[in-house]
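Residue numbers (the UniProt record's numbering): 1 to 127. Glycine included, each C-beta is placed from N, C-alpha and C at the ideal position.
Below you can see the structure in the form of structure tokens.
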């Protein structure tokens, strides 16, 4: 049983290293912000998750099992999509203005991209 856990840990560590490398290369190679956002949130999250799974399997194979990695994994999988969502919103709001970001909308609609027409900024003419 221990040998199977060690083999599964080695495979998981290899897969995790591969996805982390692919995510890092994708972050460097892609030029647009929205495409650049895709590489670390998908590939690197899967890579770090596989590395943590491999670490957990190796710890259980040695008889020193700990569930700390599960807590780290849960925190990673909860926070990575939220962070990516906020970065995408900053990009979308920043793209709509030329020089400076638009003012925040009034009321309770601060987290949506669709703002009422009276809150929309008019483009600056002459630049």
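> So residue 16 and residue 51 are in contact, right, with Cβ under 8 Å, and what is the actual spacing, rounded?
Replying inline: For the purposes of this step, residue 16 is identified with residue 16 of the chain shown, where counting begins at 1. For the purposes of this step, residue 51 is identified with residue 51 of the chain shown, where counting begins at 1. Going by Cβ atoms, the distance from residue 16 to residue 51 rounds to 4 Å, so yes, they are a contact pair.
> Mind checking residue 10: buried by the 16 CB within 10 Å criterion, or exposed?
Replying inline: Looking up residue 10 in the chain shown gives position 10. It is exposed - the Cβ of residue 10 has fewer than 16 other Cβ atoms within 10 Å.
> Applying the criterion that 16 or more other CB atoms from any shown protein chain within 10 Å of the CB defines a buried residue, is residue 67 buried or exposed?
Replying inline: Within the chain shown, numbered from 1, the residue matching residue 67 stands at position 67. Looking at its Cβ environment, which holds fewer than 16 other Cβ atoms inside 10 Å, residue 67 is exposed.
> Would DSSP call residue 62 helix, strand or coil?
Replying inline: Here the question's residue 62 lines up with position 62 in the chain shown. Note: residue 62 maps to coil in three-state DSSP.
> So what does DSSP say about residue 1, is it helix, strand or coil?
Replying inline: For the purposes of this step, residue 1 is identified with residue 1 of the chain shown, where counting begins at 1. Coil.
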